[in-house]
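I have placed the structure first, in the form of structure tokens, so that the comments after it can refer back to it.
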Amino acid sequence: MNQKLIIIYSTILILIVALFTGFPFEFFDINIDRIANIIAIIIVLFTFYKLIKLSKALSGKAIKLTTRIILFLVFALYFLNGIWTVFFITSNYYPMWQDLEINTNSNNEKIISEWRETSGSLYDWRYRKVYFENKIFRISVDYDKEKMNGEWNVYDVRKKTTTKKKLN
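This is the structure:
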């Protein structure tokens, strides 16, 4: 039982961290991005299916009930996120994240400022720390802009200009 409980709660922890860091793969082609999102949804659904199936094998009513409640709460968050994602995947208007600024520092860190027009007059902004990038995709996670300290070279994608900024 302990091994099953460890597997369930470790996976739940990974799923919660993934909610806060975002999908780490960003594809630059719309069709590939849609396919990647569909695959991610299938993987998450399969993971929850396996976790629920594994939770049925737990012994003890209190442990089983607590585990199922936690699974339901995390699933509810993913379900709401999934509705939003499916709305984008199936619509003709597929908003893609666009780079606004590319921030680099002397430690070879790269932080991208991005935006997208979500719907009509609704816009999203985010900062992503880039770990790998090529012409097809980028591996990055959400990043708190307040953590950016020191001197940064800021490339403005729209103006095609580079400036230096000192951040505290």
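In my numbering, the protein residues as written are 1 to 168. Each residue gets a CB set at the ideal place from its N, CA and C atoms; glycine is no exception. Bear in mind the structure is a predicted one, so any value in this text is a computation, not a measurement.
Three-state secondary structure assigned by DSSP to residue i
i, result
"Glu109", "coil"
"Ile136", "coil"
"Asn37", "helix"
"Tyr78", "helix"
"Asn2", "helix"
"Val154", "strand"
"Leu122", "strand"
Proximity to residue i [Cα-Cα], best of the options
i, options, result
"Phe88", "Glu117, Ile102, Thr104", "Glu117"
"Val154", "Phe79, Thr21, Thr90, Lys164", "Lys164"
"Asp124", "Ile139, Met96, Tyr131", "Met96"
"Asp142", "Ile38, Leu5, Ser113", "Ser113"
"Lys129", "Thr47, Lys145, Phe72", "Lys145"
"Leu73", "Asn92, Ser55, Ile12", "Ile12"
Backbone CA spacing between residue i and residue j [nearest angstrom]
i, j, result
"Val44", "Tyr94", "21 angstroms"
"Leu54", "Ile8", "7 angstroms"
Sequence-distant residues of its chain with Cβ nearer than 7 angstroms to residue i (five each side left out)
i, result
"Ile41", "Gly82, Thr85"
"Asp156", "Glu101"
Close beta carbons around residue i, own chain, < 6 angstroms, minus the five adjacent residues each side
i, result
"Phe27", "Asp33, Ala36, Phe137"
"Lys64", "Leu58"
Own chain partners of residue i with C-beta closer than 8 angstroms, once the 5 adjacent residues on each side are dropped
i, result
"Thr161", "Tyr155"
"Leu15", "Val44, Thr47, Val74, Tyr78"
Limits of the unbroken beta strand (DSSP E) element including residue i
i, result
"Asn103", "98-104"
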